[in-house]
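**Q** Have a look at the structure that comes next, please.
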Amino acid sequence: MTSARLTGLAKVAVLGAHCDDLAIGAGGTLLTLCEARPGVEIEALVLSGGGTEREDEERAALAAFCPGARLGVTVLKLRDGRLPAQWEEAKEAVTALRTRIEPDLVIGPHPGDAHQDHRGLAKLIPTVFRGPPALGYEIVKWDGDLGRPSVYHPLSPATAERKVALLHEHYPSQRHRPWYDREAFLGLARIRGIECRTRYAEAFHSGKLTLDLAGD
Numbered sequence: 001m002t003s004a005r006l007t008g009l010a011k012v013a014v015l016g017a018h019c020d021d022l023a024i025g026a027g028g029t030l031l032t033l034c035e036a037r038p039g040v041e042i043e044a045l046v047l048s049g050g051g052t053e054r055e056d057e058e059r060a061a062l063a064a065f066c067p068g069a070r071l072g073v074t075v076l077k078l079r080d081g082r083l084p085a086q087w088e089e090a091k092e093a094v095t096a097l098r099t100r101i102e103p104d105l106v107i108g109p110h111p112g113d114a115h116q117d118h119r120g121l122a123k124l125i126p127t128v129f130r131g132p133p134a135l136g137y138e139i140v141k142w143d144g145d146l147g148r149p150s151v152y153h154p155l156s157p158a159t160a161e162r163k164v165a166l167l168h169e170h171y172p173s174q175r176h177r178p179w180y181d182r183e184a185f186l187g188l189a190r191i192r193g194i195e196c197r198t199r200y201a202e203a204f205h206s207g208k209l210t211l212d213l214a215g216d
C-alpha cells in the first residue's frame with residue numbers, strides 16, 4: 001500500500017448522474033477535503049432531478065457535505081435511466097462545467113458502474129477533462145458491480161458516521177429503498193477500510209497517472 005498526497009487542491013469538479021450519487025460515493029471525502037481546506041472551490045454538476053424535490057435535497061446536502069467551500073451547484077433535468085438517448089445534452093453539460101472551473105481534481109462515477117447513467121457520465125468525463133487527476137467513486141447497488149478499486153481515502157470514524165447521518169437527514173425521498181441504510185453505507189466503508197489498513201475508507205477507480213520521479 002503506497003500513500004500519495006495531492007497538494008495544491010484549490011478547485012474541484014464533482015459530477016453525478018443523479019441527486020445523492022456524489023454524497024453516497026464521495027461524501028466522506030468531500031467532508032474531509034472541505035474541512036481541511038476552507039474556501040476550496042467546488043463546482044458540482046448533477047444531470048437529473050432538476051425542478052423536483054430531489055434538487056432541493058441535493059442542494060441542501062451538498063452544502064452540508066462541503067462546509068466552508070465556495071460551492072456552485074447545477075442540477076439539470078435529464079431523464080433518469082435515459083442517458084444514452086441524451087448523450088448530446090450530457091456532453092454539453094459537462095463541457096459547460098469545464099468553462100466554469102479549471103479543476104485540480106475531478107470526482108465522478110467510474111466507467112465500470114453497471115448503471116447506464118453512471119457509466120455514460122464516467123465515459124464523458126475524460127473527453128472533457130483531459131488534464132487533472134480523476135477519481136471514479138463507487139455506489140453499492142443490487143447489480144453487484146463493486147470491483148477492485150485502486151485508490152483509497154481513509155475516513156475517521158467520526159467522518160464516516162457524519163456521512164451516514166447527513167445521507168439520512170438530507171435525502172428523505174430515498175429512505176424507503178431497501179439498500180439505503182446505515183449498515184450498507186458503513187459496511188462498504190468498513191470493507192474498504194480493511195483493504196487499506198484503516199477503520200473506514202471510501203474507494204475510487206483511477207485511470208491514467210503520471211509519475212514524476214525526478215521532482216522535489
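With the UniProt record's numbering, the residue at position 45 of the sequence shown is 45, and numbering never jumps. Quick reminder that beta carbons are idealized off the backbone N, C-alpha and C, glycines included.
(1) Fully enclosed by the region 119–159, which beta strand (DSSP E) runs are 3 residues long or longer?
(2) Looking at VAL46: is its Cβ nearer than 8 Å to the Cβ of GLY16?
(3) Secondary structure at ARG70, three-state DSSP: helix, strand or coil?
(4) Given a cut-off of 8 Å, decide if ALA61 and LEU135 are closer than it, judged by their beta-carbon atoms.
(5) Reducing DSSP to helix, strand and coil, say where ILE191 ends up.
(6) Note the first and the last residue of the continuous beta strand (DSSP E) segment covering LEU45.
(7) Please work out which residues of its chain come closer than 8 Å, Cβ to Cβ, to VAL14, disregarding the five sequence neighbours upstream and downstream, and give them in chain order.
(8) Would you call the region 88–99 in contact with the region 122–130, where contact means no fewer than 3 C-beta pairs closer than 8 Å?
(9) From what residue to what residue does the beta strand (DSSP E) around LEU213 run?
**A** Well, looking at it:
(1) If we require 3 residues or more, the beta strand (DSSP E) runs fully inside the region 119–159 come out as 134–137, 151–155.
(2) Taking the C-beta atoms as reference points, GLY16 is found nearer than 8 Å to VAL46.
(3) Under the three-state reduction of DSSP output, ARG70 falls in the strand class.
(4) No, these two residues do not count as a Cβ contact at 8 Å.
(5) It is helical.
(6) Residues 41–46.
(7) LEU22, ALA26, LEU30, ILE42, GLU43, ALA44, LEU45, VAL106, ILE107, GLY108.
(8) Segments in contact, yes.
(9) That residue, LEU213, is in no beta strand (DSSP E); it is neither H nor E in DSSP.
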